[in-house]
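Chemist: Quick one: the structure is below, questions incoming.
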Amino acid sequence: MDAPEPFADGGTWKGPSERLWRMRIFQALATGVVLGLILGLSFGTLGAGPGLGAGCGSFALSVVWLRFLHRRVRAWRYQERDDDLLVGRGVLFRRLSVVPYGRMQYVEVTAGPIERLFGLATVKMHTAAFASDARIPGLEPAEAARLRDQLAALGEAHAAGL
Amino acid sequence: MTAADGPAGPTGPGRGDAAWHRLHPLSPIVAVSRLALTIVVTLALSGIEHRHSSGGRTEVVIGAVVAVVLLVPAIVSVVVTRWRFDGEVLSITTGLLRRDSRQLPVARIQAVDLVQPLVGRMLGLAELRIRLAGAGGTRGRLAFLGEAEAGELRARLLAAHHGLDQATPEPPELRLLRVPAGRLIASVAIADVGILAIAVAATTITLALAAPQFLAAILSSASPILLALGQAVVRRVISEFGFTAAEAPDGLRVRSGLLQTSAETIPRGRVQAVRQVEPFFWRPFGWKRLEVDVAGGVANHRGGRRSGVRMTKTLLPVGSTAEADLLLARVLGVAEPALVRPPQRARWKAPLGYHFLAGGYDAAHAVTVNGRLRRTTAWVPLEKVQSVRRIQGPLQRRLALASVHLDTAGRRVHAIFRDRDAADSARLLETLATLSRAARTPEGRAPGAAPPMAAAP
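Same order as they appear, the protein sequences are chains L and G. Residue numbering for the first sequence follows the numbering used here, starting at -8 and increasing by one per position. Residue numbering for the second sequence follows the numbering used here, starting at 31 and increasing by one per position.
And the structure:
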C-alpha cells in the first residue's frame, strides 16, 4: 500500500531522544488528569455518576490518544546531508522537508518548561519562506547544540543570496 | 543588475556635487494633501448641515486648527531633511529630535521608484523611493523633489550604479505594452469583486421588483455592501489605470495610476515567483493577470522575526496571452517546461481542480498549474527556492498520491505539484532539490542574476 519514501536509500536517519516519548506520555496524562478534574467537577454538580463518568472518560481518552502520539513520536526523523537537511514527520499527514543549508537564515534552539523538565530542546531552522518548517523537537541538549553549530557553520559555507 | 558588484560607482565626475540639498519647499502641502482633502470635505459637509444653527464659524476654526496640526510636522520634517549624493553614496538625514541619517550605497541600490500623488502632479513634485538589496528593509525616501530634479537624480543614481559617468542620461525605455482603459474596466468588472458587485446589484434589483413595498428596507440593507464593493472596484481601476510596462536598464518599469501615478521597477534577477491568474469569466477573452514577487529585505535574524521579506507587484493587470508571454519572457527568460498531468485517479482527491492540475520543470524553472474555477499558474526560478516539501495526506496515501511544494521567500506564492503519483513525487522531490542546488551555485547561475549578498547568517 505504501509507495517508496523519498531518500530511502543511503544516509542514516536520526530521531529525537527516547525521552521525547516520555515527555509526550507526561503531557498527555497531565492533560487527561486536568481535563478529567475540570469536567468531572463541573459534571459532578449534576450528581456523582455523571461527574465520575466525565472525569474517567476524559482520562481514558488521553490514554487512547497516547497510541497515536506514539506513532507520531516515532515518525520524527532527520538526516544531515552534504547540502541540505531532511526533516520528516507526521503519521496522518506525512511530511518531508528538504531545506538547503544555503537558504538558512538562522537556527533557533528553544526549550520550554516541560522540555527542560525532561532535559530536551527543539531545534528550528528558519528560511526566508514562511512555509518552510524544518523543526526537530525532543533533542538531547548536547545533540541540539551540535546540530545548531553544525547548521550555522554549514549555512555560512553555503550562503546564497535571495 | 548587470554591473552590480563592480567597484562602487565612479569617483571622478560626481565628486564635485557633494553639497547638501533640501526637499522642495512645497512638499508639506503635497504630504498632507490626501489627509487634508478628506478632512476638508468632511468639514464642508458638516458645515452645510449645520449652516443654520451655528453660522459655520466653528467649522472654520476647527479647519484652521486641523490644518496647523497637520502642516506643522510636515513642515518641520521638510526643513530638517537634507540629502546629498557624492557619486557613491546617497546620504539622507532627517529628524528634529532624533536624528536619522541613512547612507544608501549606489552599488546596492535595487530599484528607484517615482511616485506622484494627485496634488504632487499639479504642483510638479515627485517622491523618490530607493530600495536597497539585502539590508533588512532599508530604504530611502525623498518626499518631495521637483519633477525634473527627481528624474535627474534617478538618472544619476542609476548611471552610478552601473558604473557609468553620472552625466550619462538615462537610457530610453522601450515601451512594451499599454493596457487600454476599456479592457481594464471590463476586466475588473467581471473578475472577483466586480462580479460580486454585479451579483449583489442584480439581487437588489430583482428583490426590489419582486417586493416594491419593501423598497426602502432592501435599498438600505444593500447600499452599504454595494458602496463598499463599488469602492473596491473603482480603487482597482484607478490604481491600475493607464498601465504601461517598459524595458528599462535596471529591469521592467511599470507605470500606472489615474490620480496618483507611480513608476515602479521590477529589478532583474530579484523575482522570486511569477503568478498568472485567469479568473473564470476572463477565460473566454483569453485574458491573464500577472503578479510577481520580489525580494525586498531579508529576514532580520537578530530580532528573531521575519520582516519585509517580499513584495507582490502587478506585472500586468490584464492582458492577452501574447502580452503575458512577452512579459514572462522578460522577467524569467524562456521558461516553457513540458507540463505533466497527475494520474487519472487524482480526480478522486481533487474532483473540482483536476482539470487544471499540471506541473513541470526544467533546469532553471518549475511551473505548476492549480485552481478550480480560476486557473493559477506559478513559475518559480529554481535558483530562488527556499525549501522543498513533500506532503501526503491520508486520502492521498490511499490513492498512492502525494504533493510536492516549492517554497519561496515570503508568505504568498509557492508552487505546488499537487496529487502526483507517490513514487513520482518522491523522485520529483529529490530532483527539484538537486536542480535548485545546482541553480544556486555560481556556475549554474544565469549571468544576469543577482550577486550573492552578505545577508545570510
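Where is the CB? At the ideal position from N, CA and C, for every residue including glycine.
Tell me whether G:M483 sits in a helix, a strand or coil according to DSSP, three-state version.
Modeler: Confidence in G:M483 is poor, its pLDDT being 33 and thus under 50, which makes the residue's placement too unreliable to answer from.
Chemist: Expressed to the nearest angstrom, what Euclidean distance is found between the alpha-carbon atoms of G:G349 and G:K318?
Modeler: Roughly 5 Å between the two C-alpha positions.
Chemist: Would you mind stating whether L:G110 and L:R15 have Cβ atoms separated by less than 8 Å?
Modeler: No, these two residues do not count as a Cβ contact at 8 Å.
Chemist: Count the other CB atoms, across all protein chains shown, that sit within 10 Å of the CB of G:A20; report buried if there are 16 or more and exposed otherwise.
Modeler: The question about residue 20 of chain G has no answer here: the residues shown for chain G are numbered 31 through 487.
Chemist: Identify which residue in L:A125, L:E99, L:A51 has its Cα closest to the Cα of L:L28.
Modeler: Nearest C-alpha to L:L28: L:A51.
Chemist: Would you say L:R137 faces chain G, with C-beta separation under 8 Å as the test?
Modeler: Cβ-Cβ to chain G under 8 Å: no for L:R137.
Chemist: For L:P128, is the classification buried or exposed, using 16 other Cβ atoms within 10 angstroms of its Cβ as the cut-off for buried?
Modeler: The residue in question, L:P128, is buried, as its Cβ has 16 or more Cβ neighbours within 10 Å.
Chemist: Counting only beta-carbon atoms, is G:I421 nearer than 8 Å to chain L?
Modeler: Answer yes: the Cβ-Cβ gap between G:I421 and chain L drops below 8 Å somewhere.
Chemist: Going by CA-CA distance only, name the one from G:L188, G:A394, G:P55 that's closest to G:L462.
Modeler: For G:L462, the nearest C-alpha among the options comes from G:A394.
Chemist: Is the Cβ-Cβ distance between G:L362 and G:V415 less than 8 Å?
Modeler: Not in contact: G:L362 and G:V415 (Cβ atoms no closer than 8 Å).
Chemist: Do you know whose CA, among G:L257, G:L188, G:E203, lies nearest G:R138's CA?
Modeler: Of the candidates G:L257, G:L188, G:E203, the one whose C-alpha sits nearest the C-alpha of G:R138 is G:L188.
Chemist: In chain order, what residues of the same chain lie with their CB nearer than 8 Å to the CB of G:L245, ignoring the 5 residues before and after it?
Modeler: Excluding positions up to five away in sequence, the list reads A238.
Chemist: My guess is that G:L175 and G:L369 are in contact by the Cβ rule of under 8 Å, so how many angstroms apart are they, rounded?
Modeler: The Cβ separation is near 48 Å, so there is no contact.
Chemist: Here's the rule I'm using: 16 or more other beta-carbon atoms within 10 Å means buried, otherwise exposed. How should G:R340 be labelled?
Modeler: Since pLDDT at G:R340 reaches only 49, below the 50 mark, its modelled position is unreliable, and no value is offered.
Chemist: Quick check on G:R313: buried or exposed, where buried means 16 or more other Cβ atoms within 10 Å of its Cβ?
Modeler: It counts as exposed.
Chemist: Using the C-alpha atoms, what's the distance from G:L320 back to G:S250?
Modeler: Straight-line Cα distance between these residues: approximately 38 Å.
Chemist: In whole angstroms, what separates the C-alpha of G:L346 from that of G:P297?
Modeler: Their backbone Cα atoms lie some 15 Å apart in a straight line.
Chemist: Given that a residue counts as buried once 16 or more other Cβ atoms are within 10 Å of its Cβ, and exposed if not, what is L:F59?
Modeler: L:F59 should be labelled exposed.
Chemist: Taking contact to mean at least 3 C-beta pairs separated by less than 8 Å, is the stretch 105 to 119 of chain L in contact with the stretch 427 to 436 of chain G?
Modeler: Not touching, per the Cβ criterion.
Chemist: Are the C-beta of L:R86 and some C-beta of chain G separated by less than 8 Å?
Modeler: For L:R86, the answer is yes, since a Cβ of chain G falls inside 8 Å of its Cβ.
Chemist: Any chance you could list the alpha helix (DSSP H) runs of at least 4 consecutive residues sitting entirely within the stretch 25 to 90 of chain L, in chain order?
Modeler: Here the runs fully enclosed are 39 to 66.
Chemist: Cutting at 7 Å between CB atoms, please list the residues of its own chain near G:A29, excluding the five before and the five after it.
Modeler: An answer regarding residue 29 of chain G cannot be provided, because it is not within the stretch 31 to 487 covered by chain G.
Chemist: Taking G:S455 as the reference, which of G:L73, G:R404, G:R371, G:P254 has the closest Cα?
Modeler: Closest by alpha carbon: G:R371.
Chemist: Going by the beta-carbon positions, is the gap between G:L257 and G:V230 smaller than 8 Å?
Modeler: Taking 8 Å as the Cβ cut-off, G:L257 and G:V230 do not qualify as a contacting pair.
Chemist: Interface residues of chain G around L:D75 at Cβ under 8 Å?
Modeler: Within 8 Å Cβ-Cβ: A463, R467.
Chemist: Note down, in chain order, every chain G residue with its Cβ under 9 Å from the Cβ of L:P91.
Modeler: V415, Q416, S417, V418, A463, S466, R467, R470, listed in chain order.
Chemist: To the nearest angstrom, how far is it from the Cα of G:D130 to the Cα of G:V136?
Modeler: The alpha-carbon atoms of G:D130 and G:V136 are separated by roughly 19 Å.
Chemist: In or out: G:D280 buried (at least 16 other Cβ within 10 Å) or exposed?
Modeler: Flag for G:D280 reads buried.
Chemist: Starting from the C-beta of G:L148, find all residues in its chain whose C-beta is less than 7 Å away, skip the five residues before and the five after it, and write them out in chain order.
Modeler: So the list reads L289, Q290, once near-sequence residues are dropped.
Chemist: Kindly list the residues whose CB is nearer than 6 Å to the CB of G:A18, restricted to its own chain and excluding five residues on each side of it in sequence; keep chain order.
Modeler: With chain G represented from 31 up to 487, any question about residue 18 of chain G goes unanswered, as that position is not in the structure.
Chemist: Using the Cβ count rule (16 or more neighbours within 10 Å means buried), how would you classify L:G38?
Modeler: L:G38 comes out exposed.
Chemist: Note down, in chain order, every chain L residue with its Cβ under 8 Å from the Cβ of G:P103.
Modeler: Residues of chain L passing the Cβ test: none, with the nearest at roughly 35 Å.
Chemist: Keeping to the same chain, check which residues put their C-beta closer than 8 Å to that of L:L142; ignore five residues upstream and five downstream.
Modeler: For L:L142, where only same-chain residues beyond five positions count, the Cβ hits under 8 Å are L76, Y92, M95, V98, V114, M116.
Chemist: Which stretch, first to last residue, makes up the alpha helix (DSSP H) that contains G:A456?
Modeler: 452 to 470 is the span of the alpha helix (DSSP H), which, as asked, contains G:A456.
Chemist: Give me the subset of the stretch 431 to 460 of chain G whose CB atoms are less than 7 Å from a CB atom of chain L, sorted by chain position.
Modeler: Within the stretch 431 to 460 of chain G, the residues whose Cβ lies closer than 7 Å to some Cβ of chain L are H435, D437, T438, A439, G440, R441, H444, A452, A453, A456, L459, E460, listed in chain order.
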